[in-house]
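Q: With positions in the sequence shown counted from 1, the corresponding number in our numbering is that position plus 1. Note that the Cβ used here is the ideal one computed from N, Cα and C, for glycine as well. Sharing a structure with you now.
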Amino acid sequence: MTTIEEQARMALMAKGAAEQDLARLAACPPWRHAVFAGMMAALVATPAVPLPLRFGLLALILASIALVVQSDRRRLGVFVNGYRRGKTRMVAFPLLALILILYAASCYAALDRGLPAISLALAAASFVIGYIGSVIWQRVFARELGA
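Below you can see the structure in the form of structure tokens.
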């Protein structure tokens, strides 16, 4: 018969092993980072396109979110929220703030100034930032689970 301390130790060891397994599995393929970056870029590009296309882009972004969640669940067995507790928030919130700033600048350029080319340039920058941010987030997540 095991003591409560031994049971607790065994449960902690099992939890640690499961986290390490998840950290190994969480290595996203490059297309997964590109899809996230594409969603960010599409969002920033929306002010540059005519209103009916804007709604189409927003619908595409929402559908992409659903597909990413479904793909992650199939690949990992779970979808890990980007705003989860832990050190990943130190990546997610600055990334979110930067994308929102680019979106606001895109709205100003396209809607107030009539310069859609600037919005598209900001969207391209958003893609690069989103891709790099996704890769950094994944590394922080894996490091946090593997620690």
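Using the three-state DSSP reduction, which class does Cys-108 fall into: helix, strand or coil?
A: Cys-108 falls in the helix class under three-state DSSP.
Q: If you draw a straight line from the C-alpha of Ser-135 to the C-alpha of Phe-80, how long is it?
A: Approximately 15 Å between the Cα atoms of the pair.
Q: Need the endpoints of the alpha helix (DSSP H) that Val-1 sits in, please.
A: Residue 1 cannot be examined here, being either before or after the span of the chain that is shown, 2 to 148.
Q: Can you look up Pro-30 in the DSSP assignment and give me helix, strand or coil?
A: Reduced to three states, the DSSP call for Pro-30 is coil.
Q: Under 8 Å Cβ to Cβ from Ile-66, same chain only, skipping five residues before and after it: list those, please.
A: Met-40, listed in sequence order.
Q: Can you grab the Cα-Cα spacing for the pair Leu-52 / Leu-61, in whole Å?
A: Each residue's alpha carbon lies about 14 Å from the other.
Q: I'd like the list of long-range same chain contacts for Ala-49, defined as Cβ closer than 6 Å, with 5 residues on each side in sequence excluded.
A: Correct list, in chain order: Ala-111, Pro-117, Ser-120, Leu-121.
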